[in-house]
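S.K.:
Residue numbers (the UniProt record's numbering): 1 to 132.
So, in structure tokens, the structure goes:
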């Protein structure tokens, strides 16, 4: 009786044809060899624009929520402290190197807007709770 080869590392199916995984890998390598960074930036831009045209605010809220939950599950308090510190330093350096004529909002404006958004979110959550 012939024994079927179940080795997942084998690059060919039992019929001698290339697996889908192997074809994808080879295609990706060939594409990478033929294109530069700008190519990938352009297709990424086009993909982002197409996604924005096809999805509304709820889609982005949902993927943002999922991403935040995944990140939270994989990182501890020190991670958030570190990225907060880096972000604050980068913002301070940006503010120090500019005279605020670059269109960037001040930290006061950012704080005000963040506070307003948070208050609106709380109000919406309270209204949702009342409607249950």
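Ideal Cβ positions, reconstructed from N, Cα and C, are used throughout, including at glycine.
Because the structure is a prediction, the values reported are computed rather than measured.
So, using beta-carbon positions, are residue 104 and residue 94 closer together than 8 Å?
M.R.: As a first step, residue 104 is located in the chain shown; it is residue number 104 there, counting from the start. As a first step, residue 94 is located in the chain shown; it is residue number 94 there, counting from the start. Annotated as proximal: residue 104 and residue 94, with beta-carbon spacing under 8 Å.
S.K.: Return the chain-ordered ranges of every alpha helix (DSSP H) run that is complete within the UniProt region "Disordered" (1-132) and spans a minimum of 4 residues.
M.R.: For the alpha helix (DSSP H) assignment, the uninterrupted runs of no fewer than 4 residues enclosed by the UniProt region "Disordered" (1-132) are, from N- to C-terminal side, 20-34, 37-54, 57-74, 77-97 and 107-130.
S.K.: Please report how far the alpha carbon of residue 73 lies from the alpha carbon of residue 115, in whole angstroms.
M.R.: Locating residue 73 in the chain shown gives position 73, counting from the first residue. Locating residue 115 in the chain shown gives position 115, counting from the first residue. Rounded to whole angstroms, residue 73 to residue 115 spans 26 Å at the Cα level.
S.K.: Could you work out which residue in 92, 121 and 97 is closest to residue 108 when comparing CA atoms only?
M.R.: Walking along the chain shown from the start, residue 108 turns up at place 108. When the alpha-carbon of residue 108 is set against those of 92, 121 and 97, the nearest one is in 92.
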